[in-house]
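Asker:
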Amino acid sequence: MPPVISVQHLQKRYKDVVAVADASFEVAQGEIFGLLGSNGAGKTTAVECLQGLRKASGGELRVLDMDPRTQARELRRRIGSQLQESSLPDHIRVGEALDLFAAITPGGHDWREVMGQWGLGDKRKASYHALSGGQRQRLFIALALVNGPELVFLDEMTTGLDPAARRVAWDLVRRVRDMGTTVVLVTHFMEEAERLCDRIAVMDAGRIVAEGAPQKLVTDFAKYVTVVFSTDAPDVEFLARVPHVAKVMRHGSRVEVRGDGAVLAHVACSLVEHDITPPDLRVELPTLEDVFLALTGHEMEE
Amino acid sequence: MKVLLKLTWIEIKLLVREPITLLFSFAFPVLVLVLLGGIFGSQHMKQGAYQGVKMMDWYVPAFMGLVIASIGTISLPVHLSSYRERGVLRRFRASGVSEAALLGSQLLVSLGVALVGALTIAVLGMIAYGTSPASLPAGVALAYVVGVFCFSGIGMLLASVAPTARAAQSIGLLLWFVMLFVSGTSAPLDLLPGWMVDLGKALPLYHLVISLVDPWIGRGVNWMQLGIVAVVGLVTTLLSLRLFRWE
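The listed protein sequences correspond, in order, to chains A and B. Using the numbering used here, the letters of the first sequence correspond one by one to residues 1 to 302. Using the numbering used here, the letters of the second sequence correspond one by one to residues 1001 to 1247.
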């Protein structure tokens, strides 16, 4: 089966600004693909080029086997998009907006059903301007899905949602995928990428710097685990000589020992030999956050 | 087609929910009708091509043109450009709303709004000043439809080229204000100096006013003037479809 999205050397320049320098990736049918990066990394520009909302300056783009530069209108009927910066008329009601957008693509979902799924059933008659940030966000996701798209772009979809609503949204996105829709998720939110995405491309300064399943990225790029414990023992320097240990750091009573996968067992053994048995000895596995730091040299900006 | 009708229906409901946006389009012509009626209420045209015509029989159809012009040059471009500024157009476009459906809905809404305005003025003129009813209603109706088409085209073109809603408002107001004085919609045409009449003839409202007045006062359809209005509408509509920007 050909990929749903295939991008080779996508480039987008504005007069003197390069928003996307070089991005290549593929998205397969039925996966949740994440584009992860901090603000200004070029993620939104990249997906807007894919949706035909902006014209790419260079590169090969195929989306659902169409060229977004020349077949934008046809393409938009088959995709859904939840845009980061957009809005609706103040006085339009939730039900009216869904009804209108459902009418654009015949054969889409029943908009009442989509409205219910996204928890907007009791807001059907509410005006757009009276909705909270989270409700607007859910309305935009619902609008993106109401045409029954084969591929949906969700750009920072959980911004403005509280943690509970965020989890509900994640479950719903999984369900959308289970029903056969391919999902492209743009996010700067590590936990979201880690929990939801089958595959991630990490974007930094207009380039894709790594790509793969979240767990694979973690094992590939964040090789160290950290053993953490507290102790009052004055001297823990002996740990530096323990096999598999790379680095020992101490902040007051808190000690952090960095090393590869086998380090915990060796550190534990050595501590016992020195009669130190901290009750809080634990290991912290690397997360996507560490991968991001390792790849980009900076932390994610909120 | 379905999208066009749904969008039109939603736009009408939005107007009803926020009627203040139409205040200018309705209130101003009614106000001018009352003011000019107070000055010229019982007079007749003293000279020129329309000598002997009751002034108010001129002003009632002329103000219908003024309503149409204010919708096209002010309300419509401000509405569309503020949609663009706020990202509403971006949302519409991403979901596949076509230019034709968007602009078509604006045309249909303008037709409806202008009709309400025209009826208000006609009824008010008859009650307050005893103006005669239209002598050829079908001719007036035709001029009204062509007039709305023309000024929607101008409005959409303004919305397409104006960088912001504020800019659209300034340009539209200026255009409308100039037309107000030189198109027989305030001071009677026969009192204007020659250069002002020439300026009026260079702008579309003058031609629309004649197209509305002639069938109203029994001179039949003025195909020549109506043709000019139609051509302006056609050119501006085609241009706006080409130049339209979603963001």
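The beta carbon of each residue, even a glycine, is placed where N, CA and C say it ideally should be. The structure presented is a predicted model; accordingly, all values stated were derived computationally and were not measured.
(1) Buried or exposed: B:G1072, going by 16 or more other Cβ atoms within 10 Å of its Cβ?
(2) Does the beta-carbon distance from A:I200 to A:N147 come in below 8 angstroms?
(3) Tell me the residue span of the alpha helix (DSSP H) that contains A:Q135.
(4) For A:H109 and chain B, any beta-carbon pair shorter than 8 angstroms?
(5) Can you tell me which of the three DSSP states B:E1085 falls into?
(6) How would you list, in chain order, the residues of chain A whose beta-carbon sits under 8 angstroms from the beta-carbon of B:G1096?
(7) Would the beta-carbon of A:G259 fall within 8 angstroms of that of A:A246?
(8) Along chain B, in chain order, which residues have C-beta atoms closer than 7 angstroms to that of A:Q117?
(9) Verify whether the separation of the beta carbon atoms of A:W118 and A:I141 is less than 8 angstroms.
(10) Report back the beta-carbon spacing between B:M1179 and B:L1212 to the nearest angstrom; my notes put them in contact at under 8 angstroms.
(11) B:G1087 CB to nearest chain A CB: under 8 angstroms?
(12) Under 8 angstroms, do A:V303 and A:L217 count as touching if we go by C-beta distance?
(13) Quick check: the stretch 48-58 of chain A against the stretch 203-213 of chain A, are there 3 or more CB pairs under 8 angstroms?
(14) Compare the C-beta of A:L100 with all C-beta atoms of chain B and state if any pair is closer than 8 angstroms.
(15) With H, G and I counted as helix, E and B as strand and the rest as coil, what does DSSP make of B:A1053?
(16) Beta-carbon of B:V1003 versus every beta-carbon of chain A: anything under 8 angstroms?
(17) Mind pulling the chain B residues with CB within less than 9 angstroms of A:L83?
(18) With three or more beta-carbon pairs closer than 8 angstroms as the criterion, would you say the stretch 1006-1021 of chain B touches the stretch 219-230 of chain A?
(19) Please list the segments of the alpha helix (DSSP H) lying wholly inside the stretch 166-228 of chain A, counting only runs of 4 or more residues, in order along the chain.
(20) Classify A:D155: buried if its beta carbon has 16 or more other beta carbons within 10 angstroms, exposed otherwise.
(21) Given a threshold of 16 other Cβ atoms within 10 Å of its Cβ, counted over all protein chains shown, does B:S1258 qualify as buried or as exposed?
(22) Whole angstroms is fine: what's the gap from A:A23's alpha carbon to B:S1170's?
(23) Along chain A, which residues have their Cβ under 8 angstroms away from the Cβ of B:K1006?
(24) Do B:E1099 and B:F1244 have their CB atoms nearer than 8 angstroms?
(25) Can you tell me whether A:G58 is helix, strand or coil according to DSSP?
(26) May I have a chain-ordered list of the alpha helix (DSSP H) segments no shorter than 4 residues that lie completely inside the stretch 8-95 of chain A?
(27) Determine the contact status of B:V1209 and B:A1118, defining contact as a CB-CB distance below 8 angstroms.
(28) Would a check of beta-carbon distances place A:S87 closer than 8 angstroms to chain B?
Answerer: With the structure as the only source:
(1) One-based indexing of the second sequence puts residue 1072 of chain B at position 72. Under this definition B:G1072 is a buried residue.
(2) Along the first sequence, one-based indexing puts residue 200 of chain A at 200. Along the first sequence, one-based indexing puts residue 147 of chain A at 147. No, they are not a contact pair.
(3) Your numbering for residue 135 of chain A matches position 135 in the first sequence. Residues G133 to L145.
(4) Counting from 1 along the first sequence, the entry for residue 109 of chain A is found at position 109. Taking Cβ atoms only, chain B never reaches closer than 8 angstroms to A:H109, which makes this a no.
(5) The residue you call residue 1085 of chain B lines up with position 85 of the second sequence. In the structure shown, B:E1085 sits in a helix (DSSP, three-state: H, G or I).
(6) Position 96 of the second sequence, counted from the start, is the residue given in the question as residue 1096 of chain B. Per Cβ cutoff of 8 angstroms: R73, R76, R77, I104, T105 and N147.
(7) Start at 1 with the first residue of the first sequence, and residue 259 of chain A comes out as number 259. Start at 1 with the first residue of the first sequence, and residue 246 of chain A comes out as number 246. Closer than 8 angstroms, so yes.
(8) By one-based count along the first sequence, residue 117 of chain A stands at place 117. Simply none; closest approach about 18 angstroms.
(9) Locating residue 118 of chain A in the first sequence gives position 118, where the first residue counts as 1. Locating residue 141 of chain A in the first sequence gives position 141, where the first residue counts as 1. Yes, they are a contact pair.
(10) Here the question's residue 1179 of chain B lines up with position 179 in the second sequence. Here the question's residue 1212 of chain B lines up with position 212 in the second sequence. Between the beta-carbon of B:M1179 and that of B:L1212 there is about 14 angstroms, and that puts the pair past the 8 angstroms contact cut.
(11) Numbered from 1 along the second sequence, position 87 holds the residue referred to as residue 1087 of chain B. Output row for B:G1087: interface = yes.
(12) One cannot answer for residue 303 of chain A here, as it falls past the ends of chain A, which runs 1 to 302.
(13) no
(14) The residue given as residue 100 of chain A occupies position 100 in the first sequence. Residue contact with chain B for A:L100: present (Cβ-Cβ distance below 8 angstroms to some residue of chain B).
(15) One-based indexing of the second sequence puts residue 1053 of chain B at position 53. Position check: residue 1053 of chain B holds Val in this sequence, whereas Ala was assumed. Residue state, collapsed to three classes: coil.
(16) Walking along the second sequence from the start, residue 1003 of chain B turns up at place 3. Residue-level contact check: B:V1003 touches chain A, since one or more beta carbons of chain A fall below 8 angstroms from its beta carbon.
(17) Along the first sequence, one-based indexing puts residue 83 of chain A at 83. Residues of chain B passing the Cβ test: G1087, R1090, R1091 and A1094.
(18) no
(19) 190-196 and 214-221
(20) Counting from 1 along the first sequence, the entry for residue 155 of chain A is found at position 155. Result: buried.
(21) Residue 1258 of chain B lies beyond the residue range present for chain B, which begins at 1001 and ends at 1247; the question has no answer from this structure.
(22) Walking along the first sequence from the start, residue 23 of chain A turns up at place 23. Walking along the second sequence from the start, residue 1170 of chain B turns up at place 170. Each residue's Cα considered, the two are about 43 angstroms apart.
(23) Residue 1006 of chain B sits at position 6 when you count from the first residue of the second sequence. The answer, in chain order, is D99, L100 and A103.
(24) In the second sequence, residue 1099 of chain B corresponds to position 99, counting from 1. In the second sequence, residue 1244 of chain B corresponds to position 244, counting from 1. With respect to B:F1244, B:E1099 sits close: the two C-beta atoms are nearer than 8 angstroms.
(25) As a first step, residue 58 of chain A is located in the first sequence; it is residue number 58 there, counting from the start. Residue state, collapsed to three classes: strand.
(26) 43-50 and 72-78
(27) Locating residue 1209 of chain B in the second sequence gives position 209, counting from the first residue. Locating residue 1118 of chain B in the second sequence gives position 118, counting from the first residue. No, the pair does not count as a contact, with Cβ atoms beyond the cut-off.
(28) The count along the first sequence starts at 1 and reaches residue 87 of chain A at position 87. Output row for A:S87: interface = yes.
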